[in-house]
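Student:
In the numbering used here, the protein residues as written are 927 to 1199.
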């Protein structure tokens, strides 16, 4: 679809009509009668909007790019280590305790009671391997660190800050740029000494204006919704969710030091969990 339609006089040749359309698309000024040429309203925003959207897309990618370089690799390695150690320390530890528990139960003979079985199992679960102690020290160190938490918070706050730019621009465009028809003056500003027949004005229309206004409105809604989701996520992550969240999921971890995790929610454990 053509970006502009100009209704040129019938006596215009095809080349003249193409020139008029190109000239009016370049100028994009509404030649209002009785108004000085220097004060004609400009419709340039309609032409600039697609490039502005492309620029906003690049700007909004900056936080993701920064996160990729500063934290993504580190976070991936931390998560891989965390998952691997959970498997090594607890799942495999449980498998390793099973033969020992079975042997102790058999040593009691057939007259062993259910209470004695539970005591044997509980005592076995309280015993920690060196790997488990090392893993808990790692979690304790992560609980005192907030490097990833700072980066995560800065990334999302930066996204919200950057989104204010397109929201402001698109809101202004949506509210002010409603005109899709204008009068184009060919050869203006006029030369007062020339014949009035040479001062030709044609009516032009921008068919994409309504579509661009719809796109602007949708983008505004999406950006506002994105900011709302980000704020809810940050509030949940750093305010409502406790810093010992991971210990609530792994109740065998950090039995001796669990009270130390009530101090602050602003730590890397929140990010890793």
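We treat Cβ as the ideally placed atom computed from N, Cα and C, and that holds for glycine.
Quick check: the stretch 1125-1141 against the stretch 1099-1106, are at least 3 beta-carbon pairs closer than 8 Å?
Tutor: These segments touch.
Student: Decide yes or no for the touch test of the stretch 1064-1080 against the stretch 978-998: beta carbon pairs closer than 8 Å, at least 3 of them.
Tutor: Segments in contact, yes.
Student: CA-CA distance, residue 1070 and residue 1094?
Tutor: Reading the chain shown from its first residue, position 144 is the one you call residue 1070. Reading the chain shown from its first residue, position 168 is the one you call residue 1094. Each residue's Cα considered, the two are about 39 Å apart.
Student: DSSP state of residue 1181, grouped into three classes?
Tutor: Taking the chain shown and counting its residues from 1, one reaches residue 1181 at position 255. Low per-residue confidence applies at residue 1181: pLDDT is 45, beneath 50, and the placement is therefore not dependable, though the value from the model is reported in the following sentence. Looking at residue 1181 - three-state DSSP - the assignment turns out to be coil, as it is neither helix nor strand.
Student: Work out the CA separation of residue 1097 and residue 1141 for me, nearest whole Å.
Tutor: Translated into positions along the chain shown, residue 1141 becomes position 215. Translated into positions along the chain shown, residue 1097 becomes position 171. Distance between the alpha carbons of residue 1141 and residue 1097: 11 Å.
Student: Per DSSP, what kind of secondary structure is residue 1072 in: helix, strand or coil?
Tutor: For this step, residue 1072 is matched to residue 146 along the chain shown. Residue 1072: coil per DSSP, three-state reduction.
Student: What do you get for residue 1029, buried or exposed, if any count of 16 or more other CB atoms within 10 angstroms of its CB means buried?
Tutor: Counting from one through the chain shown, the residue named residue 1029 turns up at place 103. The residue is exposed, with fewer than 16 neighbouring Cβ atoms inside 10 Å.
Student: Please state whether DSSP places residue 957 in a helix, a strand or coil.
Tutor: Position 31 of the chain shown, counted from the start, is the residue given in the question as residue 957. Coil.
Student: So, is residue 953 buried or exposed, given that buried needs 16 or more other C-beta atoms within 10 angstroms?
Tutor: Translated into positions along the chain shown, residue 953 becomes position 27. Buried, because 16 or more other Cβ atoms sit within 10 Å of the Cβ of residue 953.
Student: Is residue 997 near residue 1065, with beta carbons less than 8 Å apart?
Tutor: For the purposes of this step, residue 997 is taken as the residue at position 71 of the chain shown. For the purposes of this step, residue 1065 is taken as the residue at position 139 of the chain shown. Not in contact: residue 997 and residue 1065 (Cβ atoms no closer than 8 Å).
Student: When the Cα of residue 1009 is compared with those of 1089, 1061, 1193, 1165, which residue comes out closest?
Tutor: Taking the chain shown and counting its residues from 1, one reaches residue 1009 at position 83. Of the candidates 1089, 1061, 1193, 1165, the one whose C-alpha sits nearest the C-alpha of residue 1009 is 1061.
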